[in-house]
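Residue numbers (numbering that gives the first Met the number 0): 0 to 366.
Report on the structure given below.
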Amino acid sequence: MDSLKYRVVMMGSNLNQKGGIASVEKLILNYSLPEFEIRHITTHDEGSTFYRVRVFIKALTALILLLSKKDVDLLHVHFSERGSVLRKTIVIFVASWFKNPILMHAHGAEFHSFFSALPKWIQQLIRSAFRRCKGLIALSKTDRELYIRTLELPRDRVFVLPNPVELPSQVPERVNRSSVNLVFLGRVGQRKGAFDLIEAFANLPDLQQQKAKLILAGDGDLERGYRLVEKFNLAEKVVLLGWISSEQRKALMSEADIFILPSYHEALPMAILEAMAWGLPIIATPVGGIAELVVCGENGLLVRPGNIEQLSNAMKLAIEDESLRLALGKTARTMAARFDIKNYWHSLAQFYCLVATSRLQQAYVSK
Numbered sequence: 000m001d002s003l004k005y006r007v008v009m010m011g012s013n014l015n016q017k018g019g020i021a022s023v024e025k026l027i028l029n030y031s032l033p034e035f036e037i038r039h040i041t042t043h044d045e046g047s048t049f050y051r052v053r054v055f056i057k058a059l060t061a062l063i064l065l066l067s068k069k070d071v072d073l074l075h076v077h078f079s080e081r082g083s084v085l086r087k088t089i090v091i092f093v094a095s096w097f098k099n100p101i102l103m104h105a106h107g108a109e110f111h112s113f114f115s116a117l118p119k120w121i122q123q124l125i126r127s128a129f130r131r132c133k134g135l136i137a138l139s140k141t142d143r144e145l146y147i148r149t150l151e152l153p154r155d156r157v158f159v160l161p162n163p164v165e166l167p168s169q170v171p172e173r174v175n176r177s178s179v180n181l182v183f184l185g186r187v188g189q190r191k192g193a194f195d196l197i198e199a200f201a202n203l204p205d206l207q208q209q210k211a212k213l214i215l216a217g218d219g220d221l222e223r224g225y226r227l228v229e230k231f232n233l234a235e236k237v238v239l240l241g242w243i244s245s246e247q248r249k250a251l252m253s254e255a256d257i258f259i260l261p262s263y264h265e266a267l268p269m270a271i272l273e274a275m276a277w278g279l280p281i282i283a284t285p286v287g288g289i290a291e292l293v294v295c296g297e298n299g300l301l302v303r304p305g306n307i308e309q310l311s312n313a314m315k316l317a318i319e320d321e322s323l324r325l326a327l328g329k330t331a332r333t334m335a336a337r338f339d340i341k342n343y344w345h346s347l348a349q350f351y352c353l354v355a356t357s358r359l360q361q362a363y364v365s366k
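In structure tokens, the structure reads:
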């Protein structure tokens, strides 16, 4: 590695994997500041149990080789829940043996319920590991408090840094469209409220249904989704696309008029940030960090998780009132600017400096 650059090793999901963690990793790598040289090590990939174990062992081997060469100034480790936490606990113990500073980066919506169900001795093992880290990034103020309490971490070591987003240079005007497209992006399942959404759409009056189309994009329990569409006789009005590529995702956002994510549990959904960047009004639930993103009446509408009637009423209002949609969407795009990846990177660099080796701190701060 170039000795003039600050050497960061980032550990996380395969960059081609589906989901928010890989999206964040790619944005960080693609927009890296010139002062930093980031090497990515894949700790997890989809596949058989044997294959996943092999990927992790390969990652640990690569990490140990780098650390033994003293070729790392900082370790940046992404984690979510379940197996991810257990793998990263091992990573922390290995890296701390080499006395390398570690910055953890929390993702996922179910860490705390997962953690509370673990045996006490495993909880203590994980707490012991995470206390060896110099810092932890949480995606929202709500999550920050939960990690401080759950892992018993010092408050000054837990930072808030919402996910980044790429701002499109231009967005459609979305005026006088013949049909109103309501879009859901995410895993089709109960946690993200996909089935509630289909039912709420079915409950719309005929007039609003005739004006609208509901499009759900994402993998998951598509069969249950198809059954609901058939049950409510919505085949001409509701489309389940399955997983879509990044280019298809951009095209869908361009065609959308309203973005909906009625989740029961979330951290800070990348999909909402993307929708805001595309100038879309948001209909969502105030769970996790969403309440810190969506202000009811300013850039979206908030409903209670699982409340089909509220969700249906919010959809009806947004379908009927074009001026409201446009106003909410305009504010959403303005608010999304503070999450732009270029602004994000400067905040991330500051956190790197807070937890990094003295070499990185002195060199970066002196600039």
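Even glycine gets a Cβ: it sits at the ideal position worked out from N, Cα and C.
Quick caveat, the model's predicted, so the values are computed rather than measured.
So, is residue i buried or exposed, given that buried needs 16 or more other C-beta atoms within 10 angstroms?
i           : result
residue 6   : buried
residue 365 : Unreliable positioning characterises residue 365 in this predicted model, as indicated by a pLDDT of 46, which lies under 50. The coordinate reading is nonetheless provided below. By the neighbour-count rule (16 or more Cβ atoms within 10 Å), residue 365 is not buried but exposed.
residue 140 : exposed
residue 120 : exposed
residue 261 : buried
residue 50  : exposed
residue 99  : buried
residue 208 : buried
Between which two residues does the alpha helix (DSSP H) harbouring residue i extend?
i           : result
residue 253 : 245-254
residue 82  : 82-96
residue 273 : 269-276
residue 60  : 48-67
May I have the straight-line CA-CA distance separating residue i from residue j, to the nearest angstrom?
i           : j           : result
residue 259 : residue 64  : 46 Å
residue 223 : residue 195 : 12 Å
residue 32  : residue 345 : 8 Å
residue 133 : residue 313 : 43 Å
residue 317 : residue 38  : 45 Å
residue 228 : residue 221 : 10 Å
residue 95  : residue 127 : 11 Å
residue 122 : residue 147 : 14 Å
residue 108 : residue 80  : 8 Å
residue 362 : residue 23  : Because residue 362 carries a pLDDT of 47, less than 50, the predicted location of this residue cannot be relied on, and the following value inherits that uncertainty. Distance between the alpha carbons of residue 362 and residue 23: 26 Å.
residue 11  : residue 58  : 10 Å
residue 104 : residue 328 : 30 Å
residue 235 : residue 216 : 16 Å
residue 240 : residue 231 : 18 Å
residue 213 : residue 27  : 32 Å
residue 320 : residue 168 : 26 Å
residue 160 : residue 334 : 15 Å
residue 67  : residue 97  : 7 Å
residue 210 : residue 176 : 10 Å
residue 14  : residue 20  : 9 Å
residue 204 : residue 315 : 8 Å
residue 247 : residue 111 : 33 Å
residue 219 : residue 17  : 12 Å
residue 252 : residue 170 : 9 Å
residue 25  : residue 151 : 30 Å
Would residue i and residue j be called neighbours here (beta carbons separated by less than 8 Å)?
i           : j           : result
residue 289 : residue 257 : no
residue 164 : residue 272 : yes
residue 137 : residue 143 : yes
residue 284 : residue 304 : yes
residue 85  : residue 8   : no
residue 182 : residue 255 : yes
residue 267 : residue 300 : no
residue 286 : residue 265 : yes
residue 73  : residue 102 : yes
residue 149 : residue 113 : no
residue 199 : residue 323 : no
residue 332 : residue 278 : yes
Below 8 Å on the Cβ atoms is my contact criterion, and I expect residue i with residue j to pass it. Report the Cβ-Cβ distance as a whole number of Å.
i           : j           : result
residue 129 : residue 89  : Contact flag wrong, Cβ pair sits at about 12 Å.
residue 263 : residue 190 : 5 Å
residue 280 : residue 306 : Contact doesn't hold; Cβ gap of about 19 Å is too wide.
residue 162 : residue 269 : 5 Å
residue 52  : residue 41  : About 13 Å separates the two Cβ atoms, so there is no contact after all.
residue 339 : residue 184 : About 19 Å separates the two Cβ atoms, so there is no contact after all.
Just reading off the beta strand (DSSP E) that residue i is part of, what are its end residues?
i           : result
residue 302 : Taken as a continuous stretch (DSSP letters only), residue 302 belongs to no beta strand (DSSP E), as it is neither H nor E.
residue 104 : 101-105
residue 216 : 211-216
residue 12  : 5-12
residue 23  : Looking at the DSSP string, residue 23 is not in any beta strand (DSSP E); the run it does join, the alpha helix (DSSP H), is 19-29.
residue 259 : 257-260
residue 78  : 73-78
residue 182 : 179-184
So does residue i have its beta carbon nearer than 7 Å to some heavy atom of the ligand PLP?
i          : result
residue 74 : The ligand PLP is absent from the structure shown, which contains no ligand whatsoever.
Spell out whether any CB of chain B is found under 8 Å from the CB atom of residue i.
i           : result
residue 100 : Chain labels in this structure do not include chain B; a single protein chain is all it has.
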